[in-house]
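Enquirer: I am attaching a structure below and will ask some questions about it afterwards.
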Amino acid sequence: MFFLKRLASLPVLLLLISFLAFVLVRLAPGGPFDKERKPASPEIERALRARYHLDEPVWRQYARFLGGLAQGDFGASLKYRNHTVTDIIAQGLPVSLALGWLAFGFAVGLGLPVGFYTAARSGQWREYGVSLLILLAVCIPAFVIGPVLVLLLAIRWEVFPVALWDTPLHVVLPTVSLGLYFAGKFARMMREGMMETLRQPFINMARAKGLSETAVLWRHALPLAVLPVVSYAGPLLADLLTGSFVVENLFQIPGIGVFMVNSALSRDYPMVVGLVLLYAVLLLVLNLIVDVVYGLLDPRVRLR
Amino acid sequence: MPAPSPNQRAWQRFRQNPVALGSSGFLLALVALTVLWPWLSPYPPDAMGETQFAAPSLQHWFGTDVHGRDLLARVFYGARISLLVGMVGAGVSLVIGMLWGAVAGYVGGRWDAVMMRTVDVLYALPSIIFVIVLMSTLNGVLDRLEAGTISPEMSRLVQFVGLFGGLGAVSWLTMARVVRGQVLSLRARPFVEASLTLGASHLHVLRRHILPNVMGIVIVYLALTVPAVILYESFLSYLGLGIQPPQASLGSLIAEGARHINPVRIYWWLVVFPAATLALALLALNFLADGLREAMDPRADQEG
C-alpha cells in the first residue's frame, strides 16, 4: 500500500521537478544564442528565438514542452541544432551507464569487504593503517586522482591507454578514478555500521548461544550493518549513472556527464530539462527500490 | 560534587581521544598559519616574480607557478579561502536546514508534508544546475553594475557571498532531513508532552527541550558538512565556477596545476602541494567529526 502510494506520487514529483528546472534555467542571464564574443545580429537572434518559441511567455513554453513530452519528445537541442535531446542522450547514455555501473561495482567490491573486515578485526594496528587509507580516499578529489593515475600508469609505465573509451583496458583508469572516492565512502559506512551493530545486545545473544563467529558476522550483523550503505547507494547510483563531468572530461569519454554542466553553461534549455528529468527519474525509482530492499533486510521496517 | 552534565562528559571523552585532539591542533595551527603567513613570508601571494615554474628550493619551498608567484604563499592563501568557504557554507546550510527541519518536525501534519516534499523535489534537482544558474545570475548582475557604480572589492565581496550562499543552499537538504527526524521523535517524548501540559509555550519547548537535544547530532553533521563543502567548492573551482582569479582556493590551485600537466614537462609541485594540503585539511576535519560523534554518543556512557 505504502509502495503504491509512493509510486503514484512519482509523476507529480517529476512534473514539479521539470517545471522547476524549466523556469530555473530561463532565469539565468544570457541565452542559448549568445556567441562567445560577438553577439549574433538582433534579427537573427529574434528569428531563432521565434523558431524555438522562446519569445512566448514561460507558461506557454512549458505547456508546449509538456505536449511534446506526452509524445516522448524532449525537443531539439539549442546548441547542437541538428540533434534532438533524445538523440544526444541516447548516444551518450549507454557509455555513462557502463562507466557508472563499473565505478559502482568497483566501489562496492572494494569498499564493502574492506569496511567489513576492518570492523570485524577492529583494534589491531594494521586496521588503523587501513582506516587511514580509507579516509584518504574520501579526501582526494577525482580531478587529482585521475591525472596522477594517467601520469604514472599511462604515461610513465604505459600499462593503460591515456584516454578514450574503447577496449577493456581503456575502462580501468576511468573506473578507478571515478569509483575510488565512493569505495572509501562505502568502506567508512560499512565499518561504522558493523561497529554499531556489533555493540547491540542481540550480537551478544548470538555469541552466547554458541554460534560461530562467521555466523554471527554474516548472518546476524551484516544485514543490519549494511542498511546505511543501502540507503546511500540509491542517490549515489543515480549520480554515477548520469555521468561524471570530471572523469568524462579527463579521459575524453563520450558520455552525458559533460552535457549536464555544459548545457547549463550554454543555456541549452531543452537539454538541461531533459537531463534533469533523466536524473530525477533515476533517483526516485532507485530510492523506491532502496525502500523495498530496506524492508527485506530489516524486519522492523516490514512491520510498519 | 554535582554529576557532570552530558556536555561535560562529551568534552571529557573528546579530550581522551588522541586522534581527534591531534586533528584539532593541526587545524588550529593551519588556520593560524594561513592568517599569519602574509607577515611571515617575504613573498605576497599575488606578487609576480621573474622565475616561472621554479622547482622547490630554499628560496621557494613549494616552487613557483606560471607567473613566478611563490607557491607556498599561494597555498596558504588558498587554504584560508577554502577553510573559510567550508565553514561559512556549512554555517549557511546549518541555519537553513535547522530552521526548516525543526519547523517541519515540530509543526507536523500538512506543513510537514509540504515542507518535506519540497526537500524531496529539490533533492532530485542536480545541484550543479542550481549552482550554475545562481553564479551566472550573480555575475550577470555584477557585470551590469560594473560601470563604476561599485568598487572591485565590493564586487569581490558579493561574489564571495554568492558562493557561500550557493554552497549552503545546495547542502542544507540533508541537514533539514536529519533535524526533522530528530525533532519528530523528540516531540513524541513524555518530557515534551509534560512541559506542554504544564502550560509552556511552544517557543519555550523548542528552546529549552527540543533544540538542546538536537544540538549533538547537528554538531556532528555540521562537522561532516565542512569537508563536504570544501570538496564541492574545489570541484566548482575545477569547472571555473568557484573562486575567480587572482584569488585562489586549494581547488583552483589544483585545477591550475592540472592544466600545466603534460607528458613532456611535469611541474609536479603545482599539483602535489595544494592537493596534499587539501587532503590533510580534509583528513583532519573528518577525524574531528569522527571524534565529535564518538564523544556525543550517549551510549558511550553505559560502556564506561
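Heads up: the sequence lines are chains W and U, in that order.
This note's numbering applies: residue 1 is where the first sequence begins, and numbers increase by one.
This note's numbering applies: residue 305 is where the second sequence begins, and numbers increase by one.
Built from N, CA and C at the ideal position, the CB exists for glycine as well.
Answer yes or no: does any C-beta atom of chain U fall closer than 8 angstroms to that of Y279 (chain W)?
Expert: Position 279 of the first sequence, counted from the start, is the residue given in the question as residue 279 (chain W). Yes, contact with chain U.
Enquirer: Can you give the Cα-Cα distance for A8 (chain W) and L284 (chain W), rounded to whole angstroms?
Expert: As a first step, residue 8 (chain W) must be located in the first sequence, where it is residue number 8. As a first step, residue 284 (chain W) must be located in the first sequence, where it is residue number 284. Going from the Cα of A8 (chain W) to the Cα of L284 (chain W) covers about 12 angstroms.
Enquirer: Is it a yes or a no for the stretch 120 to 138 of chain W touching the stretch 178 to 195 of chain W, going by three-plus beta-carbon pairs under 8 angstroms?
Expert: Segments in contact, yes.
Enquirer: Excluding sequence positions up to five away, which residues of its chain have a Cβ less than 6 angstroms from the Cβ of R493 (chain U)?
Expert: In the second sequence, the residue the question calls residue 493 (chain U) occupies position 189. Closer than 6 angstroms at Cβ, skipping near neighbours: no residue.
Enquirer: May I have the straight-line CA-CA distance separating L222 (chain W) from A119 (chain W), to the nearest angstrom?
Expert: Numbered from its first residue, the first sequence carries residue 222 (chain W) at position 222. Numbered from its first residue, the first sequence carries residue 119 (chain W) at position 119. Cα-Cα distance, rounded: 11 angstroms.
Enquirer: In angstroms with no decimal places, state the Cα-to-Cα distance between N321 (chain U) and F259 (chain W).
Expert: As a working mapping, residue 321 (chain U) is identified with position 17 in the second sequence. As a working mapping, residue 259 (chain W) is identified with position 259 in the first sequence. Straight-line Cα distance between these residues: approximately 46 angstroms.
Enquirer: Helix, strand or coil for A428 (chain U)? Go by DSSP, reduced to three states.
Expert: Counting from 1 along the second sequence, the entry for residue 428 (chain U) is found at position 124. Correct three-state label for A428 (chain U): coil.
Enquirer: Going by beta carbon distance, what residues of the same chain come within less than 8 angstroms of D73 (chain W), once the five residues before and after it are set aside?
Expert: Along the first sequence, one-based indexing puts residue 73 (chain W) at 73. So the list reads T84, T86, once near-sequence residues are dropped.
Enquirer: Distance, Cα to Cα, E607 (chain U) vs Y381 (chain U)?
Expert: Within the second sequence, numbered from 1, the residue matching residue 607 (chain U) stands at position 303. Within the second sequence, numbered from 1, the residue matching residue 381 (chain U) stands at position 77. Low confidence applies here, because E607 (chain U) scores a pLDDT of 46, under 50, leaving its location unreliable and the question unanswered by this model.
Enquirer: If the criterion is Cβ atoms closer than 8 angstroms, does the pair V533 (chain U) and G393 (chain U) meet it?
Expert: Reading the second sequence from its first residue, position 229 is the one you call residue 533 (chain U). Reading the second sequence from its first residue, position 89 is the one you call residue 393 (chain U). Contact: yes.
Enquirer: Looking at the ligand ADP, does it come within less than 7 angstroms of G210 (chain W), judged from the CB to the closest heavy atom?
Expert: Ligands displayed in this structure: none; no statement on the ligand ADP is therefore possible.
Enquirer: Per DSSP, what kind of secondary structure is T581 (chain U) in: helix, strand or coil?
Expert: Walking along the second sequence from the start, residue 581 (chain U) turns up at place 277. Residue state, collapsed to three classes: helix.
Enquirer: May I ask you to list, following chain order, the residues of the stretch 19 to 34 of chain W that have a beta carbon less than 8 angstroms from some beta carbon of chain U?
Expert: Answer in chain order: L20, A21, L24, V25, L27, A28, P29, G30.
Enquirer: Going by the beta-carbon positions, is the gap between V522 (chain U) and L20 (chain W) smaller than 8 angstroms?
Expert: Locating residue 522 (chain U) in the second sequence gives position 218, counting from the first residue. Locating residue 20 (chain W) in the first sequence gives position 20, counting from the first residue. No, the pair does not count as a contact, with Cβ atoms beyond the cut-off.
Enquirer: Of all the CB atoms in chain W, is at least one closer than 8 angstroms to the CB of G413 (chain U)?
Expert: The residue labelled residue 413 (chain U) in the question sits at position 109 within the second sequence. So, not an interface residue.
Enquirer: Which residue's Cα is closest to the Cα of Y128 (chain W): W:I140, W:P141, W:V114?
Expert: Here the question's residue 128 (chain W) lines up with position 128 in the first sequence. Cα-wise, what sits closest to Y128 (chain W) is W:V114.
Enquirer: Measuring only between beta-carbons, confirm whether I514 (chain U) sits less than 8 angstroms from chain W.
Expert: Mapped onto the second sequence, residue 514 (chain U) falls at position 210. Answer no: the Cβ-Cβ gap between I514 (chain U) and chain W never drops below 8 angstroms.
Enquirer: Go through its chain and collect everything with a Cβ distance to V108 (chain W)'s Cβ below 7 angstroms, but skip five positions before and after it.
Expert: As a first step, residue 108 (chain W) is located in the first sequence; it is residue number 108 there, counting from the start. So the qualifying residues of the chain are F186.
Enquirer: Should E457 (chain U) be labelled buried (16 or more other beta-carbon atoms within 10 Å of its own) or exposed?
Expert: Taking the first residue of the second sequence as position 1, residue 457 (chain U) is located at position 153. Exposed is the call here.
Enquirer: Select from U:I547, U:M439, U:L526, U:G405 the residue whose C-alpha is nearest the C-alpha of S489 (chain U).
Expert: For the purposes of this step, residue 489 (chain U) is taken as residue 185 along the second sequence, with counting starting at 1. Cα-wise, what sits closest to S489 (chain U) is U:G405.
Enquirer: From this set, U:A417, U:G413, U:A351, which residue's C-alpha is nearest H371 (chain U)'s C-alpha?
Expert: Position 67 of the second sequence holds residue 371 (chain U). Closest option to H371 (chain U), Cα to Cα, is U:A351.
Enquirer: Within the same chain, show all residues whose beta-carbon is closer than 7 angstroms to that of R337 (chain U), passing over the 5 residues directly before and after it, in chain order.
Expert: For the purposes of this step, residue 337 (chain U) is taken as the residue at position 33 of the second sequence. Here residue 337 (chain U) is Leu; the residue named in the question, Arg, does not match the sequence. Taken in chain order, the residues that qualify are F380.
Enquirer: So which residues on chain W does D424 (chain U) lean against when the C-beta distance must stay under 7 angstroms?
Expert: Numbered from its first residue, the second sequence carries residue 424 (chain U) at position 120. Here the neighbours are L13.
Enquirer: Could you check where the alpha helix (DSSP H) with W476 (chain U) kicks off and where it finishes?
Expert: Your numbering for residue 476 (chain U) matches position 172 in the second sequence. Counting along the chain, the alpha helix (DSSP H) containing W476 (chain U) begins and ends at 456 to 491.
Enquirer: Whose C-beta lies closer than 8 angstroms to the C-beta of L592 (chain U) among residues of the same chain, with five residues either side of it excluded?
Expert: If you number the second sequence from 1, residue 592 (chain U) lands on position 288. The answer, listed in chain order, is A324, S327, S328, L331, A527.
Enquirer: Beta-carbon of L99 (chain W) versus every beta-carbon of chain U: anything under 8 angstroms?
Expert: Here residue 99 (chain W) refers to the residue found at position 99 when the first sequence is read from its first residue. Answer no: the Cβ-Cβ gap between L99 (chain W) and chain U never drops below 8 angstroms.
Enquirer: Examine chain U for any beta-carbon lying closer than 8 angstroms to the beta-carbon of M271 (chain W), and answer yes or no.
Expert: Numbered from its first residue, the first sequence carries residue 271 (chain W) at position 271. For M271 (chain W), the answer is no, since every Cβ of chain U falls outside 8 angstroms of its Cβ.
Enquirer: Kindly say whether L429 (chain U), judged by its beta-carbon, lies nearer than 8 angstroms to any beta-carbon of chain W.
Expert: Locating residue 429 (chain U) in the second sequence gives position 125, counting from the first residue. Yes, L429 (chain U) lies at the interface with chain W (some Cβ there is under 8 angstroms from its Cβ).
Enquirer: Would L164 (chain W) be called buried (16 or more neighbouring beta carbons within 10 Å of its own) or exposed?
Expert: Looking up residue 164 (chain W) in the first sequence gives position 164. Counting Cβ neighbours within 10 Å, L164 (chain W) comes out exposed, since fewer than 16 surround it.
Enquirer: Verify the CB distance criterion: does M190 (chain W) have a CB-CB separation below 8 angstroms to chain U?
Expert: Taking the first sequence and counting its residues from 1, one reaches residue 190 (chain W) at position 190. Closer than 8 angstroms: no.
Enquirer: Quick check: what's the CA-CA separation for L275 (chain W) versus L93 (chain W)?
Expert: If you number the first sequence from 1, residue 275 (chain W) lands on position 275. If you number the first sequence from 1, residue 93 (chain W) lands on position 93. Their Cα atoms are separated by approximately 10 angstroms.
Enquirer: Answer with yes or no whether the minimum CB distance from F332 (chain W) to chain U is below 8 angstroms.
Expert: Because chain W in this structure spans residues 1 to 304, residue 332 (chain W) falls outside the shown range and cannot be described.
Enquirer: Look at the alpha carbon of E664 (chain U) and the alpha carbon of Y410 (chain U), and state the distance between them as a whole number of angstroms.
Expert: The requested residue 664 (chain U) does not occur in the structure, where chain U is confined to residues 305 to 608.
Enquirer: Beta carbon of V518 (chain U), beta carbon of G390 (chain U): below 8 angstroms?
Expert: Here residue 518 (chain U) refers to the residue found at position 214 when the second sequence is read from its first residue. Here residue 390 (chain U) refers to the residue found at position 86 when the second sequence is read from its first residue. No, they are not a contact pair.
Enquirer: Verify the CB distance criterion: does R37 (chain W) have a CB-CB separation below 8 angstroms to chain U?
Expert: Here residue 37 (chain W) refers to the residue found at position 37 of the first sequence. Residue placement at R37 (chain W) is poorly supported in this model, since its pLDDT is 49, which falls under 50; the coordinates are not used for a value here.
Enquirer: By alpha-carbon positions, which one of U:L438, U:T441, U:P342 ends up nearest to L375 (chain U)?
Expert: For the purposes of this step, residue 375 (chain U) is taken as residue 71 along the second sequence, with counting starting at 1. When each option's Cα is compared against that of L375 (chain U), the closest is U:P342.
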